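Heads up, the sequence shown is in UniProt numbering, so the first residue is 1 and it goes up one at a time. Here's the structure we're looking at; comments come further down.
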Amino acid sequence: MYISSLRKLRFDNCNFILRCGLRIHDYWIRSSLMIGIDNADKMMDGGNDKEKAIRNGERDKKRLKESVRGEEEQEESARMGETVMGFRTDKTDITGCDTNQAHLLTAMILQVKGLAKETMGDGGRVTAPEPKLELEKKPLSRVPHSKPPFTVGQLKKAIPPHCFERSLLYSFSYVVYDLSLAFLLYIATTYFHLLPHPFSLIVWPIYWVLQGCILTGVWVIAHECGHHAFSKYQWVDDLVGLILHSALLVPYFSWKISHRRHHSNTGSLERDEVFVPKSKSKVGWYSKYVNNPPGRAITLLITLTLGWPLYLACNVSGRPYDRFASHYHPYAPIYSDRERRLIYVSDAALFAATYFLCHIVTVKGLAWLICVYGVPLLIVNGFLVTITYLQHTHSTLPHYDSSEWDWLRGALATVDRDYGILNKVFHHITDTHVAHHLFSTMPHYHAMEATNAMKPILGEYYQFDKTPFYKALWREARECLYVEPDEGTSQDGVYWYRNKF
1 MYISSLRKLR FDNCNFILRC GLRIHDYWIR SSLMIGIDNA DKMMDGGNDK EKAIRNGERD
61 KKRLKESVRG EEEQEESARM GETVMGFRTD KTDITGCDTN QAHLLTAMIL QVKGLAKETM
121 GDGGRVTAPE PKLELEKKPL SRVPHSKPPF TVGQLKKAIP PHCFERSLLY SFSYVVYDLS
181 LAFLLYIATT YFHLLPHPFS LIVWPIYWVL QGCILTGVWV IAHECGHHAF SKYQWVDDLV
241 GLILHSALLV PYFSWKISHR RHHSNTGSLE RDEVFVPKSK SKVGWYSKYV NNPPGRAITL
301 LITLTLGWPL YLACNVSGRP YDRFASHYHP YAPIYSDRER RLIYVSDAAL FAATYFLCHI
361 VTVKGLAWLI CVYGVPLLIV NGFLVTITYL QHTHSTLPHY DSSEWDWLRG ALATVDRDYG
421 ILNKVFHHIT DTHVAHHLFS TMPHYHAMEA TNAMKPILGE YYQFDKTPFY KALWREAREC
481 LYVEPDEGTS QDGVYWYRNK F
């Protein structure tokens, strides 16, 4: 009997403490919010600050009403012995005090303390809680096509001088690093046959993707050599670039010459060398029939697998010439008379690389060569097309005819992209391309610092698209089909991408 009375007494005490806690909680909310309202009414008496104070006061009054209503509901729920904040109040422990009510009271005390700290601040001042704003992702706006208010010299002055320094030792460290990773991945393939049957098949696609990404980084280093950004010595750059590109079946000097012309004429509809968009009247008749998801998927598949070899062999998607143009042909219209001997050197290096691969086939077999070398090379080619295409294809980028084009505006008609972790694997050729077009002899390991230094000056002339590259690839293939000038404007020489037929 005594124990039963004691349990009832302690239970009633817990209910009393709980109600007191609710009152304290209500008191803190009322006091802190009313102080916030009074301070809001006493803020600056003019302009936007006064309007902000009024808005904050109205918002705080609304929160006060909602909190009072909520506290009344919680108090009523506690009295009725129903579920409060996820705990049941109909279970008591051996002491006679409800365990869940104790938990509730503790939680409310902590909540009151947290609210007091948030409202009063660390220094005792009353501060209104900051609203959580959800920032919407805004689409990129068009790059201005007017003459920039800055010069190349001003951009260069904004960049730290050391960003233009090329270190032979540091550049070689990237070569060693990438080739070491590629060699380790190759060594790993010699153990694939020891894995159980399902895993021995699964690891091959993983190897292909990883090796393809690493070899793309090797391709980028050779690309640096082509721009004389590898070292201070031109012969070293050409030797390293020739070896690395030939190993990836790229005619180094042939590509170097046409790529240099691309940098000299970026954004020009008449003289650019790669991914030159067509006007609506010159787009093939079949384009409107493949402008749908299935047709787009097939087009992208062909472009990513065969686009790079076809560009080298037949100048597909390149600058239109009056006769057949090929990167393997010394007398192609792409090259001048003094450049033709370099094309012979590139062809000879490719012949040597092809001979070596044929010898490997006789020793290891064609299937082995395809698995170890062929598929990763296919992935490299796909990434090259993707990177180049996305750097120069975006609905916000202008193209110019001869009446409007100049070098600086053309160089700024590019966009930086975000490839996630692949930015580092690809030596930041993806997210520092604007800086690369402005200062192509700058080594890749300084390009990020240079980009950040130029951004304040570039302003709206700088474009960075954070869209994942695979989504961006599909979007640009859908939206960027041909170029036309805006109707009803005086800028007839400025062209923008369109997709309506």
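Note that beta-carbon positions come from the ideal geometry of N, C-alpha and C, so glycine has one too. Please read these numbers as outputs of a predicted model, since none were measured by experiment.
Rounded to whole angstroms, the gap between the alpha carbons of T388 and G307 is 11 Å. If you look at P456, you'll find it in the alpha helix (DSSP H) that goes A447 to L458. Here the C-alpha atom of A158 lies approximately 31 Å from the C-alpha atom of G493. Under a 10 Å Cβ-count criterion, H446 is classified as buried, with 16 or more other Cβ atoms of the shown protein chains found around its own Cβ. Residue state for R340 is assigned as helix, using DSSP reduced to three classes. In the three-state scheme derived from DSSP, where H, G and I count as helix and E and B as strand, R142 is classed as coil.
The beta carbon of A222 lies closer than 6 Å to those of G241, L244 and H245 in the same chain, with the five residues before and after it left out. Here the alpha carbon of E479 sits roughly 46 Å from the alpha carbon of L195. Within the same chain, Cβ atoms closer than 6 Å to the Cβ of S254 are found at H327, I343 and S346, the five residues on either side in sequence being excluded. Excluding the 5 residues flanking it on each side, G382 has same chain C-beta neighbours closer than 7 Å at L304 and T305, in chain order. For P293, the enclosing alpha helix (DSSP H) stretches over residues P293 to C314. DSSP, reduced to helix, strand and coil, places D418 outside both helices and strands of the structure shown, so it counts as coil.
For K280, same chain residues with a beta-carbon under 6 Å away, outside a window of 5 residues either side, are Y482 and E484 in chain order. Annotation: P485 is outside any alpha helix (DSSP H); the continuous beta strand (DSSP E) that includes it extends over Y482 to P485. Of the residues assessed, H427 falls on the buried side of the cut-off, its CB having 16 or more other CB atoms within 10 angstroms. Contact check for D401 and R417: beta-carbon distance about 26 Å, past the 8 Å limit, so the pair fails to qualify.
Going by DSSP, Y207 is part of no beta strand (DSSP E) but of the alpha helix (DSSP H) stretching over H197 to G226.
Around the Cβ of V152, a 10 Å sphere holds fewer than 16 other Cβ atoms; the residue is exposed.
In this structure the region 265 to 272 touches the region 395 to 413; the number of beta carbon pairs closer than 8 Å is three or more.
Following the DSSP letters along the chain, one finds Y389 inside the alpha helix (DSSP H) bounded by residues V375 to H392.
W496: member of the beta strand (DSSP E) spanning V494 to R498, first to last residue. Rounded to the nearest whole angstrom, the C-alpha separation of I257 and A332 is 12 Å. Sequence-distant partners of F183 (beyond 5 residues in either direction) whose C-beta falls short of 7 Å from its own C-beta are missing from its chain. CA-CA distance, Y462 to W407, rounds to 16 Å. Straight-line spacing of the CA atoms in Y419 and T393 works out to 16 Å. Per DSSP, the continuous alpha helix (DSSP H) segment holding L369 begins and ends at L366 to L369.
Judged by DSSP secondary structure, S254 falls within the alpha helix (DSSP H) whose first and last residues are Y252 to S264. The straight-line gap separating the alpha-carbon atoms of Y174 and H436 is approximately 18 Å.
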